[in-house]
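In my numbering, the protein residues as written are 2 to 289. Inspection log for the structure reproduced underneath, given as structure tokens.
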Ligand code: ASP
Ligand code: MG
């Protein structure tokens, strides 16, 4: 089985979500890891900052603005009225949770719970969309198997045992959808794998199930020989070793979360970087 991760831009609009659906629905069984829709985690960080400062009025306005955006996403994402309703229920639940923190004492767990809503929303909406289009899809709740320990390091043993358990309990499906980034910590509270952590989720899952390949789908063709945001005429690199990719990511290549390569390297699973906007490009292949 392959594990495919799609980043925030890839699921950043109804149109892009449909493009992702086209890419993944080839009939092969797979696990699909999704980020929050682009801009969402930044907005949730801002909302949390306002809540820390007890700036309740501005927080309320920011929450309302984000909620309104999501309502219009739901409206254009689904055809059938029962799916629009189900989508709105997802939005209601998540924003109900977010709003519940706009009173009383704010805590780190409160912040982490707010930050988790982006991935919880994107995966539920995407799974609903796939169902509407007749695909055989099931959600895997990442909070039931992704775990970090007291040192905030990924607990690979826990993840391996529990993803197997969750897959078994969920039952057969062609497409499994799960949340990137979010996890539980040693206290069993909601936590996360730090910004950009969805890549790391995909690699941890890939290693845990000994996937055939881990694919990281983003909005660029792969690793380039320089940062295309600052340097003109860069070119894509076709192949890298685990070590080279880890080093580039560590020193700031934004395409990959710096820890992504390690779980894949331990199990010797190829990591392929691919472009959602240009799926026929072979991307960058990272191997031993
Ligand atoms: N949504 C999270 C972030 O924006 C995780 C991710 O996208 O990888 O950092
Ligand atoms: Mg990213």
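The beta carbon of each residue, even a glycine, is placed where N, CA and C say it ideally should be.
Under the three-state reduction of DSSP output, residue 244 falls in the helix class.
Shortest gap from the CB of residue 93 to any heavy atom of the ligand ASP: 7 Å or more.
Listed in chain order, the non-local C-beta contacts of residue 160 below 7 Å within the same chain comprise 146, 147, 148, 205 and 209, local neighbours out to five positions each way being set aside.
Take the alpha-carbon of residue 230 and the one of residue 16: they are about 25 Å apart. Annotated three-state conformation of residue 155 is strand, per DSSP. In the DSSP assignment, residue 193 falls outside any alpha helix (DSSP H) and lies within the beta strand (DSSP E) extending over 191–193. For residue 207, the shortest separation between its Cβ and any heavy atom of the ligand ASP does not lie below 7 Å.
The alpha-carbon of residue 280 is positioned some 15 Å away from that of residue 239.
Residue 72: member of the alpha helix (DSSP H) spanning 57–78, first to last residue.
Relative to residue 37, the option among 66, 7, 20 and 51 whose CA is nearest is 7. With the rule of 3 Cβ pairs closer than 8 Å, the stretch 150–168 does not count as touching the stretch 87–105. According to the DSSP assignment, residue 96 belongs to the alpha helix (DSSP H) that extends over 82–101.
Rounded to whole angstroms, the gap between the alpha carbons of residue 53 and residue 192 is 17 Å. Here the C-alpha atom of residue 259 lies approximately 13 Å from the C-alpha atom of residue 203.
Ranked by how close their Cα comes to the Cα of residue 200, the residues 226, 137, 274 and 166 have 274 in first place.
With 16 or more neighbouring CB atoms inside 10 Å of its own CB, residue 266 falls in the buried class.
Taken through DSSP and simplified to helix, strand or coil, residue 161 comes out as helix. Restricting attention to 20, 3, 156 and 12, the CA atom closest to the CA of residue 188 is found in 156. Contact between residue 133 and residue 79 holds, since their C-beta atoms are separated by about 6 Å, short of 8 Å. The Cβ atoms of residue 181 and residue 35 lie closer than 8 Å to each other.
Residue side-chain check: residue 37 places its Cβ nearer than 7 Å to a non-hydrogen atom of the ligand ASP. The nearest non-hydrogen atom of the ligand ASP is 7 Å or more from the C-beta of residue 220. By the Cβ criterion, the stretch 64–71 is not in contact with the stretch 219–235, since fewer than three pairs of Cβ atoms, one from each stretch, lie closer than 8 Å. DSSP, read as helix, strand or coil, puts residue 133 in helix. Looking at the backbone, the Cα of residue 108 and that of residue 170 are separated by about 33 Å. About 6 Å separates the Cβ atoms of residue 183 and residue 144, confirming a contact at the 8 Å cut-off. The DSSP assignment places 199–209 as complete runs of the alpha helix (DSSP H) inside the stretch 171–237, in order along the chain (cut-off: 4 residues). Residue 287: member of the beta strand (DSSP E) spanning 285–288, first to last residue.
About 11 Å separates the beta carbon of residue 242 from that of residue 285, a gap too long to meet the 8 Å contact definition.
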